[in-house]
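J.: What follows is a single structure, and I will ask about it in a moment.
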Amino acid sequence: MSGRNNTQVSSFILQGLTDSAGIRLALFTLFLLMYLITMVGNAGMILIIRLDLQLHTPMYFFLSHLSFLDLSYSTVITPKTLESLLTSAKSISRMNCFTQLYFFVFLGATECFLLSSMAYDRYVAICNPLHYPIVMSLRRCCFLILGSYLIGFLDSFVNVLCISRLHFCNSNIIQHFFCDTYPILALSCTDTHDIEVMIFIVTGTTLVVSLITISVSYVFILSTVLKTTSTSGKQKAFSTCGSHLLGVTIFYGTMIFTYLKPSKSYSLGKDQMASVFYTIVIPMLNPFIYSLRNKEVKNALCRVTQKRDGSRQLK
1 MSGRNNTQVS SFILQGLTDS AGIRLALFTL FLLMYLITMV GNAGMILIIR LDLQLHTPMY
61 FFLSHLSFLD LSYSTVITPK TLESLLTSAK SISRMNCFTQ LYFFVFLGAT ECFLLSSMAY
121 DRYVAICNPL HYPIVMSLRR CCFLILGSYL IGFLDSFVNV LCISRLHFCN SNIIQHFFCD
181 TYPILALSCT DTHDIEVMIF IVTGTTLVVS LITISVSYVF ILSTVLKTTS TSGKQKAFST
241 CGSHLLGVTI FYGTMIFTYL KPSKSYSLGK DQMASVFYTI VIPMLNPFIY SLRNKEVKNA
301 LCRVTQKRDG SRQLK
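In full-length UniProt numbering, the protein residues as written are 1 to 315.
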């Protein structure tokens, strides 16, 4: 396929992470373990939030959707990566490649605005606690969730629509371990400047708008907390926001490093490391970030376990 004028490439070859058989086996074992932890951790968070009535609040409503996104996000990338590491099956059809890219962008953009919604929820809870039940009604929570998914859908639609119009005639080897935007753009033999600008604007707008929303929310939160004279009140506010801030910092740090730059500055080694972090590591870490630092989740887990043990004894 390489070296001829073929504008209808039927499949791509994923370069992968390494050519060394020993390193591939080690990475396969590591990524499989991380994927299993991701599945159990996020599914467990969703189950606990669903089963414990005390967690039926806006904050945990958003957190359950974050767990669902992380679970889905990892599933879009990790199984194919594991297959490539174990069997060296690096070929992926054009349709499957664009499908993977679509869901990758969709879930990533949705998570950006979901994290913004969670920051807004914390702002209302701390800065306007008396009106919290009214402001963060079930209707508004559903509106924020649907809005996040809609923005994610539009972002991914524009991204994949632009890339699907490209012609590939020099090579079909993607210098990455999954179908990502910049490595695919690098394969095209046509001028990609306009498409790069369009994708940069869409991606940049998503990241910047959501990050501004988070930043403004926390500026007001910090202002309110500093005015609080109660030490216990300050500790409670910081403990409530600490997990979210940590998750936001890790997620946005890697995303900005990878995507808010020209495609020509793409570096195979550095960008692959960043990609491994936000596609495999972060979805695994989030359940621990939001549960280990959260007494309500720990208590809910105890209640669910006790309830299950009690029902077994009755039988």
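Backbone N, C-alpha and C define an ideal beta-carbon position, used for all residues, glycine too. Predicted model, so just to flag it, every value in this text is computed and none were measured.
1) Let me confirm a value: Cys-97 is counted as buried when at least 16 other C-beta atoms fall within 10 Å, else exposed. Which label applies?
2) Which whole-angstrom value is the C-beta distance of Leu-285 and Ser-210, which I expect to be below 8 Å?
3) Quick check on the burial criterion: 16 or more other C-beta atoms within 10 angstroms. Buried or exposed for Arg-122?
4) What three-state label does DSSP hand Phe-12 in the structure shown?
5) Could you pull the start and end residues of the alpha helix (DSSP H) that Ile-92 belongs to?
6) Could you give the distance in angstroms between the alpha-carbon of Leu-154 and the alpha-carbon of Thr-231?
7) From residue 316 to Lys-295, what does the alpha carbon distance come to, in whole angstroms?
8) Determine whether the beta carbon atoms of residue 316 and Val-225 lie at a separation below 8 Å.
9) For Val-297, I'd like the list of residues in its chain whose CB is within less than 6 Å of its CB, leaving aside the five on either flank, ordered along the chain.
10) Give the single residue among Pro-129, Ile-13, Ile-199 and Arg-50 whose Cα lies nearest to the Cα of Ser-84.
11) What number of angstroms, rounded off, separates the C-alpha of Pro-79 from the C-alpha of Tyr-73?
12) Rounded to whole angstroms, what's the CA-CA distance from Ile-46 to Gly-253? Just pull it up for me.
13) If we call anything under 8 Å between Cβ atoms a contact, is Gly-152 one with Thr-110?
T.: To lay it out plainly:
1) For this step, residue 97 is matched to residue 97 along the sequence shown. Under this definition Cys-97 is a buried residue.
2) Reading the sequence shown from its first residue, position 285 is the one you call residue 285. Reading the sequence shown from its first residue, position 210 is the one you call residue 210. That pair is no contact at about 19 Å.
3) Along the sequence shown, one-based indexing puts residue 122 at 122. Looking at its Cβ environment, which holds 16 or more other Cβ atoms inside 10 Å, Arg-122 is buried.
4) Within the sequence shown, residue 12 is the residue found at index 12, counting from 1. Looking at Phe-12 - three-state DSSP - the assignment turns out to be strand.
5) Counted from its first residue, the sequence shown places residue 92 at position 92. Looking at the DSSP string, Ile-92 is not in any alpha helix (DSSP H); the run it does join, the beta strand (DSSP E), is 91–93.
6) Locating residue 154 in the sequence shown gives position 154, where the first residue counts as 1. Locating residue 231 in the sequence shown gives position 231, where the first residue counts as 1. Looking at the two C-alpha atoms, the distance is approximately 44 Å.
7) Because the chain here runs from 1 to 315, residue 316 falls outside it and cannot be looked at.
8) For residue 316 there is no data in the structure shown, the boundaries of the chain being 1 and 315.
9) Position 297 of the sequence shown, counted from the first residue, corresponds to residue 297. Around Val-297: Ser-291.
10) For this step, residue 84 is matched to residue 84 along the sequence shown. The shortest Cα separation from Ser-84 among Pro-129, Ile-13, Ile-199 and Arg-50 belongs to Ile-13.
11) Numbered from 1 along the sequence shown, position 79 holds the residue referred to as residue 79. Numbered from 1 along the sequence shown, position 73 holds the residue referred to as residue 73. The straight-line gap from Cα to Cα measures roughly 11 Å.
12) The sequence position of residue 46 within the sequence shown is 46, counting from 1. The sequence position of residue 253 within the sequence shown is 253, counting from 1. Cα to Cα, the separation comes out at about 26 Å.
13) Taking the sequence shown and counting its residues from 1, one reaches residue 152 at position 152. Taking the sequence shown and counting its residues from 1, one reaches residue 110 at position 110. Going by C-beta atoms, Gly-152 is nearer than 8 Å to Thr-110.
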